[in-house]
Each structure stands twice: as C-alpha cells, then as structure tokens.
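For reference, the structure is listed below as structure tokens.
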Amino acid sequence: MASMCYITRSLSYILVLLLDLAWANTFVISSACPSPAFLLLKMIKDDIERGRLPLLLVANAGTAAVGHTDKIGRLKELCEQYGIWLHVEGVNLATLALGYVSSSVLAATKCDSMTMTPGPWLGLPAVPAVTLYKHDDPALTLVAGLTSNKPADKLRALPLWLSLQYLGLDGIVERIKHACQLSQRLQESLKKVNYIKILVEDELSSPVVVFRFFQELPDSDPVFKAVPVPTMTPSAVGRERHSCDALNRWLGEQLKQLVPASGLTVMDLEAEGTCVRFSPLMTAAGNQARTSLALVLGLLGGLACAYDTPFSWSH
C-alpha cells in the first residue's frame, strides 16, 4: 500500500549544504507493516549507532493508489525527537482546503514541508506541483538555491497563478469538496453491496476509493461452518486469486466502457490483487461523475445479486 521514504547520511558529510542523494542511504518503509513507526524508530537508533545522520522522512497523506494516510502525528514526534526533516505529499492534502479535515491529514500542517499537485486536482496538466516549506532564516533558503531571480523560473508559476485567478478560491474549494462528496457517497453505498471489499475504509475524507469484488470462502459462511471443509492447497488458492483478479479486471473494463464519465481505473496491487479505483479529484471527472455513480452502483448490485446463489467449490 503506502510507503515512507527515510534518508540518512554519513556524519562525515554533515557540513555539505546541499543534499546529494547519490551519497545518501534511502530506505522505503511499507505502511502495510504492523507498526511502521516502530520500525522507523528502530532504523533511526541503528543508524545513529553506526555513525549515520538521519536527515529526511517522506510521509504520505493519501497515496495516489489507494488514498492511505500515514500516522503523521506520530511520525512528527519522532522527527522532532531526532531532528529529522519531515516532508509530506499525497492527494489527501487537498482536503486541507475544506472546513472538515480528518485528524490524520490535519497533522500534515505541522510538517516541515509538503508538496501538493493542484494540476491533477483542477484538471489542468500545465499547472506545476507546489512545494511549501518552513524556514527560520531567508538567507539559508537563498544559499540552498531554493529562490531564483531568473524570469524564466518565475514564469513557471504563471499557469498556477492564472488558474487561481480564473477559478478563484471558492471555485477551487468547491471542486475539491465535490470530489470528496462523490467518493464518500460511493464508499457508503459500496458497504451495502455484497461481495465488495473496500481497501481503505478509515479514510473518511479521502477523495480516493479503491474496491474489489471478491468471493467469500465457504468457511466464512455460518452455513458452512458446521460442515468440515478441506484446507485449500496453495495451487487452489492461486487459482482462486487468479480467477478473482480476472473477474475484477473484466468488471473494471466493463464499468469504464459503460460509464466512461465515472473516471474509474483498473489497477493491480501486489497484496490485494486487481482492484477498481474511483478518484474523481485526480481524474478530473468530478463534474460528470455524479450522474454516473447510480449506474455504477446498479451494475455492481446486479453482479452481486447474480452471485447470491450456492457456489460449487473445488479443492
């Protein structure tokens, strides 16, 4: 699912002002592990004992894939304790413009820097990404090369400025709000459909919904619990996974063809398999997706009803 990027450097290079990643040690911590913060703490202590200097932690506030948000509050505590720069990026940062923000995303406001991508959010590919950072001394910003007086560099922000002038603050907030409402409506409706699994259900304000059609195993049904069921062999499990992936791939392609305005995409995840993603903010489909959600849910409901019959399982 999500991951954090953790960078350290040998103490012999701490006087270098610009971070050359060629000399840095980079580690990716999967947020799918039971306790990523605990693993990070262990890595920090190990690096310090080996004479390395922890420099940077990149956390996610809504991955583009599934909308997962790291526990930024806890990560910030570790970064403050060990003097590590905390950088946050992710699609859920868009919700900071709304009046209601989940506590996990709100914690991102305490980070040292964040990168936002208003281009995809507004459906304007020419708009560049924006990085906001805190600084105590403007002179350090100049020395680090983060400011420029070149006209060409300043013109790169022109598409963003024009977009802000055209849409206005209210227009931008309304687009983000609309996308989040669509995603929340879909998530609430999917919970009522049999055989649909939502990958990340705790991100209530996330504009990303990823779901997967699945077949329940017989031993998950109370009717089957009283009947001994032979344990499935690894090859049988693999066949079940392959069949379910093929079904979800077919389902996603059919939904894309029948409801093109929904902005649905098919994606393959290593742990979960083939899934369908609804991300109106990133696909710029928010303005047209509202009228398409009813049709999408109708198709999913019809498919679930078709599977509400006794299964024949082979082991």
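Read in order, the letters of the sequence shown correspond to residues -24 to -1, 1 to 291 in mature numbering (1 follows the signal peptide of the UniProt record, and there is no 0). Note that CB positions come from ideal geometry on N, CA and C, so glycine has one too.
Counting other Cβ atoms within 10 Å of its Cβ, Asn36 reaches 16 or more and is therefore classed as buried.
Cys251 is bridged by DSSP to Met243. Remark: three or more beta-carbon pairs, one from each stretch, lie closer than 8 Å, so the stretch 75 to 89 and the stretch 43 to 50 are flagged as touching. Counting only runs of 3+ residues, the beta strand (DSSP E) found wholly inside the stretch 78 to 110 occupies 89 to 92 and 106 to 109, in chain order. The beta carbons of Ile24 and Leu98 sit no closer together than 8 Å. By the neighbour-count definition (other C-beta atoms within 10 Å, threshold 16), Glu246 is an exposed residue.
Closest by C-alpha distance to Asp244, out of Asp22, Ala41 and Lys18, is Ala41. In terms of CA proximity to Leu33, Gln57 leads the group Gln57, Leu122 and Leu231.
Relative to the Cα of His63, the nearest Cα in the group Leu175, Lys110 and Leu116 belongs to Lys110. In terms of Cα proximity to Leu16, the closest of Gly43, Gly38 and Glu53 is Glu53.
Secondary-structure assignment with DSSP links His63 through a beta bridge to Val34 and Ser89. When the five nearest sequence neighbours on each side are left out, the beta carbons in the same chain lying within less than 6 Å of the beta carbon of Thr117 are those of His111 and Thr123, in order along the chain. In the structure shown, Val149 adopts helical secondary structure according to DSSP, grouped into three states.
Gln157 and Arg26 have their C-alpha atoms spaced approximately 49 Å apart.
For Arg188, the enclosing beta strand (DSSP E) has its first and last residue at Val185 to Phe189. Here Leu29 carries a strand assignment [DSSP, helix/strand/coil]. The beta-carbon separation of Gly228 and Thr259, rounded to 14 Å, does not stay under the 8 Å limit for a contact. From the listed residues Pro12, Pro94, Leu134 and Leu136, the smallest Cα separation to Ala73 is found for Pro94.
Per DSSP, reduced to three states, the secondary structure at Lys173 is strand.
A straight-line Cα-Cα distance of about 37 Å links Gly144 and Arg188.
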